[in-house]
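Reviewing the structure listed below.
Numbering (this note's numbering), first residue to last: 15 to 85.
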């Protein structure tokens with residue numbers, strides 16, 4: 015993971031093309047490839063909590079059973 019910081023923004027990115035950019039007014043842009051979503055700080059923090067819970071579940075349960083995914 016790489017962190018780039020200048021006077022106005024902070025960017026975190028990984029080698030796979032995922033990145034976040036913290037903007038001066040507190041919003042956060044989440045980018046996956048060429049697709050970016052801009053979120054308010056509170057919405058980003060809520061999303062991060064959900065992602066961390068999902069990550070923990072996947073690590074504990076090795077993903078989903080084959081053929082039983084729900085969307």
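Virtual Cβ for every residue (Gly too), placed ideally from N, Cα, C.
Residue from the options whose Cα sits closest to the Cα of residue i
i, options, result
"residue 20", "55, 32, 33, 37", "37"
"residue 56", "17, 72, 41", "41"
"residue 39", "32, 61, 22", "22"
Secondary structure of residue i, DSSP reduced to three states
i, result
"residue 27", "strand"
"residue 41", "coil"
Status (buried if at least 16 other CB within 10 Å, exposed otherwise) for residue i
i, result
"residue 51", "exposed"
Inter-residue spacing [alpha-carbon to alpha-carbon] between residue i and residue j
i, j, result
"residue 65", "residue 59", "10 angstroms"
"residue 73", "residue 67", "10 angstroms"
"residue 53", "residue 44", "8 angstroms"
"residue 29", "residue 15", "7 angstroms"
"residue 48", "residue 75", "31 angstroms"
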